[in-house]
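Student: Submitted below is the structure of interest, expressed as structure tokens.
Numbering (the numbering used here), first residue to last: 164 to 425.
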């Protein structure tokens, strides 16, 4: 008898106000779309890798594809909008992402949440200025020119240095060697960095070794934190949910634990 999996989700609370003339309804539309896409993507990944641990940032993917969508047209744009659950016109959609980022990056106690975007374009390629302007306006994605044709490794280093700087050194190699080539014309990058302390901190002296179920049939011993306290808890459709707030009580981690199966 083992728990099948543990899902951990960072929840952003208090998303009720917009910025730049965008109303809360526009943010809600983006949040609903991101949530639907997150569930779709997790289901696909989990089905393809049933015995592996999964960690990814749905918001990073949504932002990157929203920037891609801004430059797409025709059938390509339709397919991106369908898969990503994008709704509304360009102003509503991209304005919603802008407003959401502004709300998320507001200071919340001692928590630090930063979102950064950038465009890296081939230096002699005739990019549409309207597109570059849209990305800069709504996503703060500054346009940088590099030389993929003749100096692709130098371009890769520049992009990786940007990622390292935006994530306090946590992501040092965003682009692996040989991922770029002389035909590359544009790279869109997104980075999200989060650091926060629990509202109710764990006592390091209470950390002890305990079994951790990696996957069905495989258990390993790890150091586990322990704490007794009052937390928000729910059980819905056989899934247990526990909310653990960070300092400031505006950001939380929600842990989802599926029911016991044979």
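Virtual Cβ for every residue (Gly too), placed ideally from N, Cα, C.
Does residue 212 pass the burial test, meaning 16 or more other C-beta atoms within 10 Å, or should it be called exposed?
Tutor: Residue 212 should be labelled exposed.
Student: Buried or exposed: where does residue 197 fall if 16 or more other Cβ atoms within 10 Å of its Cβ makes it buried?
Tutor: So residue 197 ends up on the buried side.
Student: Going by the DSSP bridge assignment, what does residue 308 pair with across the sheet?
Tutor: Note: residue 308 sits in a beta bridge opposite 284.
Student: With DSSP run on the structure shown, which of helix, strand or coil describes residue 420?
Tutor: Residue state, collapsed to three classes: strand.
Student: Quick one: is residue 415 buried, meaning 16 or more other Cβ sit within 10 Å of its Cβ, or exposed?
Tutor: Looking at its Cβ environment, which holds 16 or more other Cβ atoms inside 10 Å, residue 415 is buried.
Student: If you follow the alpha helix (DSSP H) that residue 260 is in, where does it begin and where does it stop?
Tutor: Element bounds for residue 260: 253 to 267.
Student: Given this structure, state the Cα-to-Cα distance separating residue 201 from residue 266, to the nearest angstrom.
Tutor: Approximately 20 angstroms, taken between the alpha carbons.
Student: Excluding sequence positions up to five away, which residues of its chain have a Cβ less than 7 angstroms from the Cβ of residue 397?
Tutor: Contacts found: 404.
Student: Mind checking whether residue 343 and residue 326 have CB atoms under 9 angstroms apart?
Tutor: Not closer than 9 angstroms, so no.
Student: Taking only three categories from DSSP, how would you classify residue 206?
Tutor: In this structure, residue 206 counts as helix in the three-state DSSP scheme.
Student: How long is the line joining the alpha carbons of residue 255 and residue 210, rounded to whole angstroms?
Tutor: Cα-Cα distance, rounded: 33 angstroms.
Student: Three-state secondary structure (DSSP) at residue 405?
Tutor: The answer is strand: DSSP assigns residue 405 an E or B state.
Student: From the DSSP output, in three-state form, read off residue 250 for me.
Tutor: Coil at residue 250, not helix or strand.
Student: With 16 as the cutoff for other CB atoms within 10 Å, does residue 259 come out buried or exposed?
Tutor: Flag for residue 259 reads buried.
Student: Is residue 415 helix, strand or coil when you go by DSSP?
Tutor: It is a strand residue.
Student: Excluding five sequence neighbours on each side, which residues of the same chain lie with their C-beta closer than 8 angstroms to the C-beta of residue 349?
Tutor: Once the five neighbours on either side are set aside, the close Cβ partners of residue 349 are 282, 283, 284, 285, 288, 290.
Student: Which residue's Cα is closest to the Cα of residue 356: 277, 422, 234?
Tutor: Nearest C-alpha to residue 356: 277.
Student: Beta-carbon within less than 8 angstroms of residue 294's beta-carbon, same chain only, minus the 5 sequence neighbours each way: which residues are those?
Tutor: Correct list, in chain order: 233, 234.
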